[in-house]
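Asker: Numbering (my numbering), first residue to last: 1020 to 1182.
Below is one structure. I have some questions about it.
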């Protein structure tokens, strides 16, 4: 959809502190919550800068810098991978890769083709991270972290199923 995946991670604006957890949030285009919030919450969006809270233990997904608006996990249409602890944990929203799918491929074949598959799709202009991924950013960093984690546990099949 855009050149969002032109680099390892999109760089969008500034950061602000999430009052839900006290951690820094990352700026997202308003387009991201417009596409991912449930319809009743989309109607509440205002002209403001929005931020994404990546903190795993915080229920807040989007918030405004002025602290007047907060949108929680249950108000988002998709599972928020960075906040999930149980499979299926979404890793790539554009091409439906989950943590479990990546771990299964490595357990079965000893390697992962996920990064090259996604990169080919990105090069073909087929990604839409800014409207499909709750963070509004490219997933490749998270994909590569997941692959490395799975490879660390490749010699321990029970670890792959429990991680």
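Beta carbons: idealized from backbone N, C-alpha and C, even for Gly.
Since the model is a prediction, treat every value here as computed from it, not as a measurement.
By Cβ distance, which residues of its chain are closer than 6 angstroms to residue 1035, with the 5 residues on each side in sequence left out?
Answerer: 1044, 1070 and 1084
Asker: Do residue 1114 and residue 1137 have their C-beta atoms within less than 8 angstroms of each other?
Answerer: yes
Asker: Should residue 1080 and residue 1092 be called a contact, given that it needs their Cβ atoms to be closer than 8 angstroms?
Answerer: yes
Asker: Kindly indicate which three-state DSSP category residue 1031 falls into: helix, strand or coil?
Answerer: With a pLDDT of 46 at residue 1031, under the threshold of 50, the predicted position of this residue should be treated as unreliable, though the coordinate-derived value follows. Residue state, collapsed to three classes: coil.
Asker: Can the beta-carbon of residue 1108 be found less than 8 angstroms from the beta-carbon of residue 1133?
Answerer: no
Asker: Could you please give me the residues that DSSP links to residue 1136 through a beta bridge?
Answerer: Beta-bridge pairing links residue 1136 to no other residue.
Asker: What is the DSSP secondary structure of residue 1025, counted as helix, strand or coil?
Answerer: In this predicted model, residue 1025 has a pLDDT of only 49, less than 50, meaning its place in the structure is not dependable enough to derive any value.
Asker: Assign residue 1108 to one of three DSSP states: helix, strand, or coil.
Answerer: coil
Asker: Given this structure, state the Cα-to-Cα distance separating residue 1124 from residue 1100, to the nearest angstrom.
Answerer: 19 angstroms
Asker: Between which two residues does the beta strand (DSSP E) holding residue 1090 run?
Answerer: 1089–1091
Asker: Below 7 angstroms CB to CB, which residues in the same chain sit around residue 1050 once its five sequence neighbours on both sides are set aside?
Answerer: 1149 and 1150
Asker: Which partner residues does residue 1056 have in the DSSP bridge list?
Answerer: 1095
Asker: Take the Cβ of residue 1118 as the centre, count every other Cβ of all protein chains shown within 10 Å, and call the residue buried at 16 or more, exposed below.
Answerer: buried
Asker: Which same chain residues, not among the five before or five after residue 1038, have their C-beta less than 6 angstroms away from its C-beta?
Answerer: 1086
Asker: Along the alpha helix (DSSP H) that carries residue 1122, what are the first and last residues, could you check?
Answerer: 1118–1128
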